[in-house]
Every structure is written in structure tokens, then in C-alpha cells.
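Okay, here's the thing in C-alpha cells:
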């Protein structure tokens, strides 16, 4: 077990550190901001949640006949299940003399653990969403392995993705998870949202159709991490954007820019157990720590992500400028 030394941990209010951890985590949660959030009630007797997707009805274009009841339509229902799993980590801190520690170590630990929790959750969601079946390849050969560095993201490719999503009847996003709270929703202007890597942003800025965020006429509803817009798509930058390392031609990295529409993906948690900062202070170890030399601070969360409709999420695979 790796120890962090020269620290003594007081027994502080746990809820304060829970809030600190979550506050630090929220900026990392890029991929979960555009998902439905469904919680499983605590003590519900199950760790599985059921998302229910209803199919659309065909237009009723046949005139009604007087006095005759029409046949009616059958509602199509598809159940999508997901099972939450637990994730977590902790750090061990050893006691030296309290006077030698100048920093509020529990606070620092909660912040660092919050960063880790947010990064972990974001990557878990990203990996699920990046496995979607809807994909457009920048390579003319239409495969990932054929992608070369010159197969960069372009306005034409973005328009192709938008066309595909519209033909799939994918509705534009009109709300996202509130970046301040991490769970409530906040309205956004109607758009499709794409999460891009900084290396992709570099190429987008060379496209004349791309409008950087600093040139928006109205910046009132700019999303956290938003870098610009193009053809009904707003681009949000994240270093966690999917990269298929070494999977392109000659072993180049292929970048997976994921486009989101409304109700394409979902995430779930167990209510009250989304994340906790668990602190074991000095003296809590019993006979395993007979000299009260160690304390720990960690996090544990319950989480799962799921694609709810493959037609409402799309991946554009492309290269980037070296």
C-alpha cells in the first residue's frame, strides 16, 4: 500500500468533503452532460434499471369514415436494461506531527479524488458511447484502418453527420445536465452537440464554415468547454475525447468525434450513492493500525452508461494534423 507522508487527518464533517469532491468532479463530466439521468431508488432490491423507448407512429393520413371507429395503432415499446457497478479508489495518509503539515490535507485530498472520480466517470461513459453502431469515416475507403492523417474533420463531413441524424429523426438537444449541480438540467439552444479533442479543434479552426465561440453574437448560453459551432452543431472540447490509438493507416491515431441528439444516451446511479467521499480518520483502524499511524480518504460511486437509441448518437472517425 502506497502511503502519502507528513500528514495528520482530522475527523471533519463528511458531507462537506462530499460536496468538495463533487464540485471538483463536475467539470470532468463532459460525456454525461448530454444523457438522460435515471436513478434507482435506494433499497429498491435491484441494481438494474429499465429504460423504456417508445417507437413513433406513422402519420394518420386516411380520412375517418362517419360512424366507423378506425382500427387504431399499436404502440411499439422497447425495453433497454442496464446494471450499475461500483467504482472507487482511496489514498492512505500517515501521521507525522500535525504542526509540520501546512496544507488542509483532507481538503486537498477531496479535491484530487474529485478530479479522479470525474475523470473516471467521464471515461466510462465515453467508452460506452464510442462503441455505437452509427459511424461515418473520413477515409474514402470507409474504414478506420484506412484513415490517414490527411482525413481531417471538415465542414462537409459535419454536414453529412447532420444529414444522417436528421434522416434518423434525431431531435436536437434542448437541455443538458446543469454544470453547476451535476444532476439537474439546464436549457440550451436547440443543436446537435459534438465532443471534440483539442487536436480536432485545431483543424476545425482552419475551416471557414467554423464559427469560434469568441465570435458568437450572443454568448449568454455558451456551454462549458464549448469552442465553436458549424452547421447546427456546437462543439465541446475535452481531452477525454475518444482516440483509437494506433488503429489508423501506418499506426496513426484515429479520433472519434461523437455527436449527440436528444435521448440518445442515458446514465444511472443509485439514489444517495452516486458518489461519497469516505474518510477513515486516525484511530479508526483498530488492531490493524495499533499505533494510529494511518488514515484514508477515498471515493466510491455507483454508475452505468447506456446507449438508448443508436440512431440518436453518431461517431465521426477522422485523422488530425500532425
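Residue numbers (UniProt numbering): 1 to 322.
Cβ atoms here follow ideal geometry from the backbone N, Cα and C, with glycine treated the same way.
Model, not experiment: these values are computed from the prediction.
- Message: Extract the residue ranges of the alpha helix (DSSP H) inside the stretch 170-208, only unbroken runs of 4 or more that lie entirely within it.
- Response: Runs of the alpha helix (DSSP H) inside the stretch 170-208: 198-204.
- From 226, 49 and 91, residue whose alpha carbon lies closest to that of residue 212: Distance check between residue 212 and each of 226, 49 and 91 places 226 closest, using alpha-carbon atoms only.
- Message: Considering only their Cβ atoms, is the gap separating residue 122 from residue 201 smaller than 9 Å?
- Response: Against a cut-off of 9 Å, the Cβ pair of residue 122 and residue 201 comes out as no contact.
- Pair within 9 Å by beta-carbon distance, residue 313 and residue 129: yes
- Query: Helix or strand or just coil, what does DSSP make of residue 246?
  - Reply: DSSP places residue 246 in coil when its eight states are reduced to three.
- With a threshold of 16 other CB atoms inside 10 Å of the CB of residue 254, please say whether the residue is buried or exposed. buried
- Item | residue 309, buried or exposed, once every other Cβ within 10 Å from all chains shown has been counted against 16 | buried
- Short Cβ contact (9 Å threshold) for residue 36 with residue 267: In this structure, residue 267 lies closer than 9 Å to residue 36 by Cβ.
- Whole beta strand (DSSP E) runs in the stretch 68-146 with 3 or more residues, listed along the chain? 77-83, 85-94 and 135-137
- Distance, residue 275 Cα to residue 97 Cα: With a pLDDT of 35 at residue 97, under the threshold of 50, the modelled position of this residue cannot be trusted, and the question is left open.
- Query: residue 316 to residue 44, Cα distance in whole Å?
  - Reply: Taking the straight line joining both Cα atoms gives about 39 Å.
- Could you tell me which residues DSSP puts in a beta bridge with residue 211? 229
- Residue environment, residue 67, which counts as buried when at least 16 other CB atoms sit within 10 Å: exposed
- Item | CB-CB length for residue 297 against residue 57, believed under 8 Å | Between residue 57 and residue 297 the Cβ distance is about 53 Å, and since that is not below 8 Å, they are no contact.
- Message: Rounding to the nearest angstrom, what Cα-Cα distance links residue 61 and residue 167 in this structure?
- Response: 21 Å
- Query: Just reading off the alpha helix (DSSP H) that residue 156 is part of, what are its end residues?
  - Reply: 155-167
- Could you have a look at residue 310 and say whether DSSP puts it in helix, strand or coil? helix
- Taking the continuous beta strand (DSSP E) assigned at residue 40, which residues delimit it? 36-40
- Message: To the nearest angstrom, how far is the alpha carbon of residue 232 from that of residue 151?
- Response: Computed Cα separation, rounded: 22 Å.
- Message: Which same chain residues end up closer than 7 Å to residue 247 when comparing Cβ atoms and leaving out the 5 residues on each side of it in sequence?
- Response: 144, 145 and 254
- Task: Would you kindly check if the distance between the Cβ of residue 188 and the Cβ of residue 258 is under 9 Å?
- Result: no
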